[in-house]
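Numbering (the numbering used here), first residue to last: 3 to 262.
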């Protein structure tokens with residue numbers, strides 16, 4: 003029976019330490035693909051900054067990006083959600099007033115507002131993203147539907163801001179920033195849309211993750227697998243806990259679950 007296997011990127015597939023996918027994971031995923039399972043990425047990253055999957059790119063059948071707001075398989079757009087203009091305005095006005103870094107994302111581009119050292123340290127050094135855009139006019143980005151806004155704020159300001167938003171989902175996988183997405187956009191709904199596209203039942207889905215934004219898909223999938231490096235809340239949402247990403251966690255889980 004073919005299954006759909008959904009993999010978060012940062013901290014799940016790709017090591018924060020090496021910025022690479024462990025070879026054991028590459029080999030195990032290739033074996034799972036050969037057995038007929040669908041290989042799908044499920045990430046908070048927008049499409050334009052998915053830059054670290056070259057080792058398995060030829061094996062990937064589809065993508066859940068921007069925490070489920072934009073899902074696609076090849077040239078097929080499976081799911082696309084956009085912010086209501088009012089919520090976009092509230093978030094951007096707050097960012098300009100308080101002058102904190104914010105990243106605005108549409109389906110193929112992003113723009114960093116109020117760039118500072120925090121963006122450099124986390125996105126460029128920690129996440130190894132080299133193609134951030136600091137110059138494109140924000141109005142140009144806003145001409146297309148906005149699918150995600152990432153704000154570098156703490157939990158208290160997140161709560162105060164979220165209270166004012168009527169049609170927005172809030173997700174956090176890093177202490178330094180929060181992802182705002184359109185209402186209904188989360189990885190759980192994203193993997194359901196992709197499974198339906200591939201004709202695979204929810205019970206035949208397996209999701210792998212380590213962050214807070216992975217919790218919806220770990221709870222939704224037939225089997226949710228938390229990495230050993232996952233936080234406590236993420237572990238609680240999972241059916242199975244594997245080893246750390248740098249300790250062959252993906253390979254061990256795929257073998258244990260008889261998926262490769």
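Note that beta-carbon positions come from the ideal geometry of N, C-alpha and C, so glycine has one too.
All values derive from a computational prediction rather than experimental measurement.
{"query": "Three-way DSSP call (helix, strand, coil) for residue 22 in this model", "result": "coil"}
{"query": "Option in 220, 244 and 163 with minimal Cα separation from residue 188", "result": "220"}
{"query": "C-beta atoms of residue 50 and residue 12 nearer than 9 Å", "result": "no"}
{"query": "Neighbour-count burial assignment, residue 214, 16 or more Cβ in a 10 Å radius", "result": "buried"}
{"query": "Residue range of the unbroken alpha helix (DSSP H) whose run includes residue 257", "result": "251-258"}
{"query": "Straight-line Cα distance separating residue 208 from residue 63", "result": "15 Å"}
{"query": "Under 9 Å between C-beta atoms of residue 44 and residue 199", "result": "no"}
{"query": "Nearest to residue 262 (by Cα), restricted to the options 171, 100, 129 and 37", "result": "37"}
{"query": "Stretch pair the segment 159-179 + the segment 17-24: three plus CB contacts closer than 8 Å", "result": "no"}
{"query": "Residue 238 burial status per 10 Å Cβ neighbour count (16 or more: buried)", "result": "exposed"}
{"query": "Alpha-carbon spacing of residue 108 relative to residue 95, whole angstroms", "result": "18 Å"}
{"query": "Under the three-state DSSP convention, the category residue 200 falls into", "result": "helix"}
{"query": "Alpha helix (DSSP H) segments (min. 4 residues) lying fully within the segment 118-189", "result": "140-144 and 157-165"}
{"query": "Cα-Cα separation between residue 154 and residue 61, rounded to whole angstroms", "result": "33 Å"}
{"query": "Segment contact flag, the segment 135-144 with the segment 174-193, C-beta cutoff 8 Å, min 3 pairs", "result": "no"}
{"query": "Unbroken alpha helix (DSSP H) run spanning residue 49, endpoints", "result": "Unbroken run through residue 49: none, as it is neither H nor E."}
{"query": "Supposed close pair residue 90, residue 148 - CB separation, criterion 8 Å", "result": "5 Å"}
{"query": "Proximity of residue 72 and residue 170 at Cβ, strictly below 9 Å", "result": "no"}
{"query": "Burial state of residue 68 (16 or more Cβ within 10 Å)", "result": "buried"}
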